[in-house]
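Asks:
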Amino acid sequence: MVKAGGYGHGAVPVAHAALEGGATGLAVATLEESTQLRGLVDPEQILVMGGLLPAQAKEAAATGCGIAVSSRDLAEALAGAAHAVPVHLKIDTGMGRFGCAPEEAPSLAQLIAESRGTRLAGTWTHFAKSESDEAMTRRQLELFLDTLARFEVSPGMRHACNSAGALNHPDFALDAVRCGIAIYGCEWPGTEPALALRSVITHLRTVEKGATVGYGSLWRATATTRVATVAIGYADGVHRARANRGHVLVRGCRAPLIGMVSMDAITLDVSDVPGVQAGDTATVIGRDGDQVITAEEVAGWSGTISYEVLTSIGPRVERRHSRAV
Ligand SMILES: Cc1ncc(COP(=O)(O)O)c(C=O)c1O
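In our numbering, each residue's number is its place in the sequence shown (first place is 1) plus 119.
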């Protein structure tokens, strides 16, 4: 799963690594995202999962990619394509977002399989609560399999699991799993995070008791405090919800984030960081010495999930890719 710029890591480098690591296909949300992967694999190995309008059928067919279809309108619009578009028919088994109704699926599958412009390359569904609700996930899978049993054509590749589905229900893997967050080393026990987010301290100053820091004067010194300003802000993915919340690593120490998050800067209390200097690295996510801050921990401070932490990392943050050793 390399949508949203490979969950913020960079789609193309992640795609390379995933393919080298044994992935047999790539998935994205939009047609535009699929064009970024052009040349890396046979287009048919790329699944465009997001919702498309019938008016986009021509553009979708031209990519040569696998196209997710949830509606008769889109299936019919693709059916007129000049070559057999590989279609992955999506069935809604409880997510309530994309997917055709299970009752509608057998006839849609037949339409896709038998039209000149389309081919049924796959059939799939998506779990709503695979991280937390075993009974619902099982019911969703059973509904999916019962629906497939009513097909009069081959369903092609059958896939249902996201990361939590694959982790909690390895027996639900079917023909493929669509792992996203897990390949980035998050939300899966024992994996190593693929990403670190680092910036630099640009200013240091000492403030006296009673002084305030940042927009809204949200933080007030209760004693003489050494304050570091770091060149990263909400435009780079440090959520404003982190005002006065959580830590950033400096010289292997946890420095509390103080005051409001600005667009381009955050401020830290570095009073307890020995030897701190302008130019020091500030680790927002990642390891520094014995200390580690994970995307999951940051998500707790931001009131969100690790996915949003990763995909919020802004475009101006320079991505540097290196190989795991
Ligand atoms: C349809 C679909 N499949 C798979 C995934 C991957 O999910 P995860 O990152 O939890 O593995 C997503 C992510 O949003 C998705 O929308």
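The beta carbon of each residue, even a glycine, is placed where N, CA and C say it ideally should be.
Among His322, Gly408, Thr430 and Thr266, which has the Cα closest to the Cα of Gly124?
Replies: Out of His322, Gly408, Thr430 and Thr266, Thr430 has the C-alpha closest to the C-alpha of Gly124.
Asks: Let me know the secondary structure DSSP gives Arg269 once reduced to three states.
Replies: Coil.
Asks: Report the rounded CA-to-CA distance for Val147 versus Glu416, giving the unit in angstroms.
Replies: Rounded to the nearest angstrom, the two C-alpha atoms are 26 angstroms apart.
Asks: Going by CA-CA distance only, name the one from Val206, Glu195 and Gly215 that's closest to Ile186.
Replies: Per the Cα distances, Val206.
Asks: Per DSSP, which residues does Gly405 bridge with? Please list them.
Replies: Per DSSP, Ile412.
Asks: Considering only the beta carbon of each residue, do Gly236 and Ala200 sit closer than 7 angstroms?
Replies: Yes, Cβ-Cβ distance for Gly236 and Ala200 is below 7 angstroms.
Asks: Could you compute how far the alpha carbon of Phe263 sits from the alpha carbon of Arg370?
Replies: Cα-Cα distance, rounded: 52 angstroms.
Asks: Could you tell me the distance, in whole angstroms, from the CA atom of Phe217 to the CA atom of Asn363?
Replies: Looking at the two C-alpha atoms, the distance is approximately 38 angstroms.
Asks: Among the candidates Ile412, Leu260 and Trp338, whose CA atom is the shortest distance from the CA of Leu387?
Replies: For the residues Ile412, Leu260 and Trp338, the minimum Cα distance to Leu387 belongs to Trp338.
Asks: Using a threshold of 7 angstroms, state whether the C-beta atoms of Thr256 and Ala224 are closer than that.
Replies: It is not a contact, given that the beta carbons lie outside the stated cut-off.
Asks: Does any heavy atom of ligand 1 sit closer than 6 angstroms to the C-beta of Gly299?
Replies: Yes - ligand 1 has a heavy atom lying nearer than 6 angstroms to the Cβ of Gly299.
Asks: Locate the beta strand (DSSP E) running through Ile377, then write down its first and last residues.
Replies: Looking at the DSSP string, the run of the beta strand (DSSP E) that includes Ile377 is Cys372 to Ile377.
Asks: For ligand 1, is there a heavy atom less than 6 angstroms away from the beta-carbon of Asn287?
Replies: No, since every heavy atom of ligand 1 falls outside the 6 angstroms radius drawn around the Cβ of Asn287.
Asks: Quick one: residues in its chain with C-beta nearer than 7 angstroms to the C-beta of Leu227, no 5 flanking neighbours on either side, listed in chain order?
Replies: If we look at Leu227 and ignore the five residues flanking it on each side, its Cβ neighbours are Arg191, Ala194, Leu208 and Cys219.
Asks: Mind reading off the beta-carbon distance from Thr310 to Thr325? Whole number of angstroms is fine, and I expect it under 8 angstroms.
Replies: That belief does not hold up - the Cβ atoms of Thr310 and Thr325 are roughly 41 angstroms apart, past 8 angstroms.
Asks: Quick one: does the C-beta of His128 sit closer than 6 angstroms to a heavy atom of ligand 1?
Replies: Not so, every heavy atom of ligand 1 lies at least 6 angstroms from the Cβ.
Asks: I need the boundaries of the beta strand (DSSP E) containing Pro205, first residue and last residue.
Replies: Taken as a continuous stretch (DSSP letters only), the beta strand (DSSP E) holding Pro205 covers Val204 to Lys209.
Asks: Since Leu166 and Ala179 are thought to touch, with beta carbons under 8 angstroms apart, how far apart are those beta carbons, to the nearest angstrom?
Replies: Leu166 to Ala179, Cβ: 12 angstroms. No contact.
Asks: For ligand 1, is there a heavy atom less than 6 angstroms away from the beta-carbon of His245?
Replies: Yes.
Asks: Suppose the cutoff is 8 angstroms on Cβ atoms and the five residues either side in sequence are ignored; what does the same chain contact list for His135 look like?
Replies: Same-chain partners within the cutoff: Leu159.
Asks: Can you give me the Cβ contacts of Thr413 inside the same chain, cut-off strictly under 8 angstroms, excluding the 5 residues immediately before and after it?
Replies: Excluding sequence neighbours, Thr413 sits near Cys305, Pro312, Ile404 and Ser425.
Asks: Tell me where the alpha helix (DSSP H) around Ile231 begins and ends.
Replies: Segment Ala224 to Glu233, the alpha helix (DSSP H) holding Ile231.
Asks: Identify the continuous beta strand (DSSP E) that holds Asp192 and give its terminal residues.
Replies: From DSSP, Asp192 is part of no beta strand (DSSP E) but of the alpha helix (DSSP H) over Arg191 to Ala198.
Asks: Can you tell me whether Ser273 is buried or exposed, with buried defined as 16 or more other CB within 10 angstroms of its CB?
Replies: Counting Cβ neighbours within 10 Å, Ser273 comes out exposed, since fewer than 16 surround it.
Asks: Distance check for Arg258 and Arg238, CA to CA, integer angstroms please.
Replies: Distance between the alpha carbons of Arg238 and Arg258: 28 angstroms.
Asks: Is Met276 near ligand 1, going by C-beta to nearest heavy atom under 6 angstroms?
Replies: No; taking the cut-off as 6 angstroms, the Cβ of Met276 has no heavy atom of ligand 1 nearer than that.
Asks: Rounded to the nearest angstrom, what separates Thr400 and Ala315 at their Cα positions?
Replies: Each residue's alpha carbon lies about 12 angstroms from the other.
Asks: What number of angstroms, rounded off, separates the C-alpha of Thr446 from the C-alpha of Tyr126?
Replies: Only positions 120 to 444 of the chain appear in this structure, which leaves residue 446 out of reach.
Asks: Within the continuous beta strand (DSSP E) that includes Val349, where are the two ends?
Replies: Note, Val349: beta strand (DSSP E), Thr344 to Val349.
Asks: Alpha carbon to alpha carbon, how far is Glu271 from Ile210? Give it in angstroms, no decimals.
Replies: Looking at the two C-alpha atoms, the distance is approximately 16 angstroms.
Asks: For Met168, is the beta carbon positioned less than 6 angstroms from some heavy atom of ligand 1?
Replies: Yes, the Cβ of Met168 comes within 6 angstroms of a heavy atom of ligand 1.
Asks: Which residue comes first and which comes last in the alpha helix (DSSP H) that contains Ser282?
Replies: Element bounds for Ser282: Ser282 to Asn287.
Asks: Can you give the Cα-Cα distance for Glu163 and Trp420, rounded to whole angstroms?
Replies: C-alpha separation (whole angstroms): 40 angstroms.
Asks: Less than 6 angstroms between the CB of Ser153 and some heavy atom of ligand 1, yes or no?
Replies: Checking every heavy atom of ligand 1 against the Cβ of Ser153, none is found closer than 6 angstroms.
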